[in-house]
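The sequence shown begins at 267 in the working numbering and counts up by one.
All C-beta atoms, glycine included, are put in the ideal place defined by N, C-alpha and C.
As the structure is a prediction and not an experimental result, all values here were calculated from the model.
Read the structure below first, then the notes.
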Amino acid sequence: MAIATVNPATGETLQTFEALGPEGIEVRLAAAHDAFGRYRLTGFAERARLLGRAAELLDEDQDEVARTMTTEMGKPLAAARAEAAKCAKAMRWYARNAEGLLADEVPSEADVRDSGAGTARVVHRPLGVVLAVMPWNFPLWQVVRFAAPALMAGNVGLLKHASNVPRTALYLEELFRRAGYPRGCFQTLLVGSDAVEGVLRDPRVAAATLTGSEPAGRSVAAVAGGEVKKTVLELGGSDPYVVMPSADIERAARIAVTARTQNNGQSCIAAKRFIVHRDVYDDFAARFTEGMRALTVGDPMSEATDVGPLASERGRADLEELVEDAVGRGARALCGGRRPAGLDRGWFYEPTVLAQVTDAMRIHREEAFGPVATLYRVDGLDEAVALANDTPFGLSSNVWTRSAEEQRRFVRDMEAGGVYFNGMTASHPALPFGGVKRSGYGRELSGYGIREFCNTTAVWFGAET
Ligand code: NAP
């Protein structure tokens, strides 16, 4: 895939970039390795000062970097600004909390004695150079979600960003440089995915994190496995959104529209499969469809737009194939199911609700990465749980119910890395983020995230005799 900025609202190529060759990659690998040798010796106060400065600069740049993101991948401008603000907030959260999250842990006196020690403790030390392979859908957030904890832990980062967001990738490198990070602490590698294996196999790279599709994750994990290097994988999702009879149906339907169409429908944690109890199905389906139909599709730079274009022509074609397959096998489009009239230049698609979906359809098992929802009617809780779990993915899940007993059952039984009640899934620095099954492994954010790229070390002192 060429490294280029192509405006998805117009299809116009605005800039192309030369990929780094072997020499350029070598210079950056050496710089990262050298930087780690010194940066790992810095204290939390210095790391927090640098990250705090990066957050300040990001706030100052918010409008400009939002425009860059919208130009490169098509998210509505207001959402791009919110993404930049969220990144600054996460940077400040880790600047404030990293020291506490990585504080030494001391076992109980009895356990220390039992181990034969005079004293013992657990310390969290940085791992080294971490390669981050990142997607275009939240081009700032996905990177900051990795970089803020990794840098606070004393690691250094090498970013291989998606090939369609090179301006955002270069902005990030520049942001950390302007914040005062020593040379080599955070660098962008403008390379295609074919260069990832070589970088990952380099002995100077300690670990990798990948956010993206399942094939990309499998490929990086296989290489890392061969090298016995730690990986964290954040892959696709097809999150269920279950609505039970005790729910506030008006709110559940209103938030369902946002949960499905945020980021033009291209979010891993978007609700994708809407599983509704038969007692409230008709009411929910009518309100949800009306809400989806009412969305304004158009120029993502316009403040009036709710849903912009898909990020790539290929992405739209994939989505169209899923819808055509479903409709060909008997699904009914309650709204959408086609390209919007009058928006011929970009890669737009109408918000779509599909009913009468069955397991014979591809969309039942595959991730719909665009504004297309599938609706299912169920008879009760057991059927809702079974259908929610009938997917290869297990990223997050949403459930609308006011019944404490039902909530307990869903927490016990949902095969997902999150269970969000009476609201939509959203990441927060204090809560772990990640999935099970084909959605990947490992966690980002919170204390769990920052420890993923640490060498958790047992320190033991023999008892004086
Ligand atoms: P993608 O094609 O997998 O690309 C993601 C990144 O991986 C890009 O930097 C890409 O580089 C690189 N890549 C692709 N194939 C690779 C390979 N064989 N070896 C090494 N690197 C490779 O995914 P996408 O289409 O950009 O993103 C959409 C997917 O990401 C969806 O499935 C979505 O659910 C998932 N996602 C997951 C999360 C999460 O947190 N779980 C968050 C956001 C998105 P190039 O661009 O150069 O190909």
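Please indicate yes or no: does the CB of glycine 502 lie closer than 7 Å to some heavy atom of the ligand NAP? The residue given as residue 502 occupies position 236 in the sequence shown. For the ligand NAP, at least one heavy atom lies less than 7 Å from the Cβ of glycine 502.
Own chain residues within Cβ distance below 7 Å of arginine 467, not counting five before or after: For this step, residue 467 is matched to residue 201 along the sequence shown. Here the set comprises Val489, Glu493.
Buried or exposed: where does glutamate 326 fall if 16 or more other Cβ atoms within 10 Å of its Cβ makes it buried? The count along the sequence shown starts at 1 and reaches residue 326 at position 60. With fewer than 16 other Cβ atoms within 10 Å, it is exposed.
Taking Cβ to Cβ, would you say proline 506 is nearer than 8 Å to arginine 544? Translated into the one-based positions of the sequence shown, residue 506 becomes position 240. Translated into the one-based positions of the sequence shown, residue 544 becomes position 278. No, these two residues do not count as a Cβ contact at 8 Å.
Does the distance from the CB of tyrosine 398 to the CB of glycine 420 come in under 8 Å? Numbered from 1 along the sequence shown, position 132 holds the residue referred to as residue 398. Numbered from 1 along the sequence shown, position 154 holds the residue referred to as residue 420. Checking the sequence shown, residue 398 turns out to be alanine, not tyrosine. In this structure, alanine 398 keeps its C-beta atom at 8 Å or more from the C-beta atom of glycine 420.
Kindly confirm or deny that the segment 402-420 and the segment 433-452 touch, where touching means at least three C-beta pairs closer than 8 Å. yes
Is it buried or exposed, arginine 582, if we count other Cβ atoms within 10 angstroms and call 16 or more buried? For this step, residue 582 is matched to residue 316 along the sequence shown. Looking at its Cβ environment, which holds 16 or more other Cβ atoms inside 10 Å, arginine 582 is buried.
Looking at the strands, I want to know which residues DSSP matches up with isoleucine 541. Sequence index remark: in the sequence shown, residue 541 carries index 275 (1-based). Partner(s): Val508, Tyr642.
DSSP three-state label for arginine 294, please. Reading the sequence shown from its first residue, position 28 is the one you call residue 294. Three-state DSSP puts arginine 294 in a helix.
Straight-line CA distance for serine 568 to proline 342? Along the sequence shown, read from residue 1 onward, the residue named residue 568 stands at position 302. Along the sequence shown, read from residue 1 onward, the residue named residue 342 stands at position 76. Cα to Cα, the separation comes out at about 7 Å.
Buried versus exposed, by CB contacts within 10 Å (16 or more), glutamine 281: On the sequence shown, residue 281 is found 15 positions in, with the first residue counted as 1. Exposed, since its Cβ has fewer than 16 Cβ neighbours within 10 Å.
One question on the structure: do methionine 357 and alanine 320 come within less than 8 Å of each other, judged by their Cβ atoms? On the sequence shown, position 91 is the one that residue 357 refers to. On the sequence shown, position 54 is the one that residue 320 refers to. Yes, they are a contact pair.
Does the separation of the CB atoms of threonine 434 and methionine 558 fall below 8 Å? Taking the sequence shown and counting its residues from 1, the one referred to as residue 434 is at position 168. Taking the sequence shown and counting its residues from 1, the one referred to as residue 558 is at position 292. Against a cut-off of 8 Å, the Cβ pair of methionine 558 and threonine 434 comes out as no contact.
Per DSSP, which one or two residues make a beta bridge with phenylalanine 699? Here residue 699 corresponds to residue number 433 of the sequence shown, with the count starting at 1. Looking at the DSSP assignment, phenylalanine 699 forms a beta bridge with Glu710.
Since threonine 477 is in the beta strand (DSSP E), which residue starts that stretch and which ends it? Taking the sequence shown and counting its residues from 1, the one referred to as residue 477 is at position 211. Run containing threonine 477: 471-477, per the beta strand (DSSP E) assignment.
According to DSSP, which residues form a beta bridge with valine 410? Sequence index remark: in the sequence shown, residue 410 carries index 144 (1-based). In DSSP, valine 410 forms no bridge with anything.
Distance, tryptophan 407 Cα to lysine 352 Cα: Your numbering for residue 352 matches position 86 in the sequence shown. Your numbering for residue 407 matches position 141 in the sequence shown. For lysine 352 and tryptophan 407, the distance between alpha carbons rounds to 7 Å.
For isoleucine 629 and valine 644, what's the separation of their Cα atoms in angstroms? In the sequence shown, counting from the first residue as 1, residue 629 sits at position 363. In the sequence shown, counting from the first residue as 1, residue 644 sits at position 378. Each residue's alpha carbon lies about 18 Å from the other.
Bridge partners for tryptophan 726 per DSSP, in chain order? The sequence position of residue 726 within the sequence shown is 460, counting from 1. Paired residues: Ala386.
The ligand NAP and glutamate 586: does the residue's C-beta get closer than 7 Å to at least one heavy atom of that ligand? On the sequence shown, residue 586 is found 320 positions in, with the first residue counted as 1. Checking every heavy atom of the ligand NAP against the Cβ of glutamate 586, none is found closer than 7 Å.
Any heavy atom of the ligand NAP inside 7 Å of the beta-carbon of methionine 339? Sequence index remark: in the sequence shown, residue 339 carries index 73 (1-based). Checking every heavy atom of the ligand NAP against the Cβ of methionine 339, none is found closer than 7 Å.
So which of Pro695, Tyr305, Gly728, Thr667 has the shortest CA-CA distance to valine 508? Taking the sequence shown and counting its residues from 1, one reaches residue 508 at position 242. Checking every option, the nearest Cα to that of valine 508 belongs to Thr667.
Shorter than 7 Å, the distance from the beta carbon of glycine 491 to the closest heavy atom of the ligand NAP, or not? Position 225 of the sequence shown holds residue 491. The answer is no for glycine 491.
From which residue to which residue does the alpha helix (DSSP H) around valine 589 run? As a working mapping, residue 589 is identified with position 323 in the sequence shown. Element bounds for valine 589: 579-594.
Run through DSSP, which three-state label would lysine 496 get? Walking along the sequence shown from the start, residue 496 turns up at place 230. Reduced to three states, the DSSP call for lysine 496 is strand.
If proline 575 and phenylalanine 614 are in contact, beta carbons under 8 Å, what's the gap, nearest whole angstrom? Stepping through the sequence shown from its first residue, residue 575 is reached at position 309. Stepping through the sequence shown from its first residue, residue 614 is reached at position 348. Cβ atoms of proline 575 and phenylalanine 614 come within 8 Å of each other, at about 5 Å.
For phenylalanine 302, the residue or residues it bridges with in DSSP: The count along the sequence shown starts at 1 and reaches residue 302 at position 36. The partner list for phenylalanine 302 (beta bridge, DSSP) is empty, contrary to what the question assumes.
Taking all protein chains shown into account, do 16 or more other C-beta atoms lie within 10 angstroms of the C-beta of glutamate 349, making it buried, or fewer, making it exposed? In the sequence shown, counting from the first residue as 1, residue 349 sits at position 83. It counts as buried.
N- and C-terminal bounds of the beta strand (DSSP E) containing valine 372: Counting from 1 along the sequence shown, the entry for residue 372 is found at position 106. Here valine 372 belongs to no beta strand (DSSP E), and DSSP marks it neither H nor E.
Enclosing alpha helix (DSSP H) for leucine 317 [first to last residue]: Residue numbering aside, residue 317 sits at position 51 when the sequence shown is read from its first letter. Where leucine 317 is concerned, the enclosing alpha helix (DSSP H) stretches over 310-326.
For asparagine 430, three-class secondary structure by DSSP: In the sequence shown, residue 430 corresponds to position 164, counting from 1. In this structure, asparagine 430 counts as coil in the three-state DSSP scheme.
Around the C-beta of histidine 427, are 16 or more other C-beta atoms found within 10 angstroms, so that it is buried, or is it exposed? For the purposes of this step, residue 427 is identified with residue 161 of the sequence shown, where counting begins at 1. Histidine 427 is buried by the Cβ-count criterion.
Range covered by the beta strand (DSSP E) that runs through glutamine 281: On the sequence shown, residue 281 is found 15 positions in, with the first residue counted as 1. Where glutamine 281 is concerned, the enclosing beta strand (DSSP E) stretches over 278-282.
Would you check if the segment 694-708 and the segment 509-516 touch, i.e. whether three or more CB-CB distances between them fall below 8 Å? no
Those runs of the alpha helix (DSSP H) which lie wholly inside the segment 514-559 and span at least 4 residues: 515-527, 544-559
Considering only residues of the same chain and omitting the five flanking positions on each side of methionine 400, which have a CB-CB separation below 6 Å? Start at 1 with the first residue of the sequence shown, and residue 400 comes out as number 134. Cβ neighbours of methionine 400 beyond the five flanking positions: Gln408, Val409, His427, Thr477.
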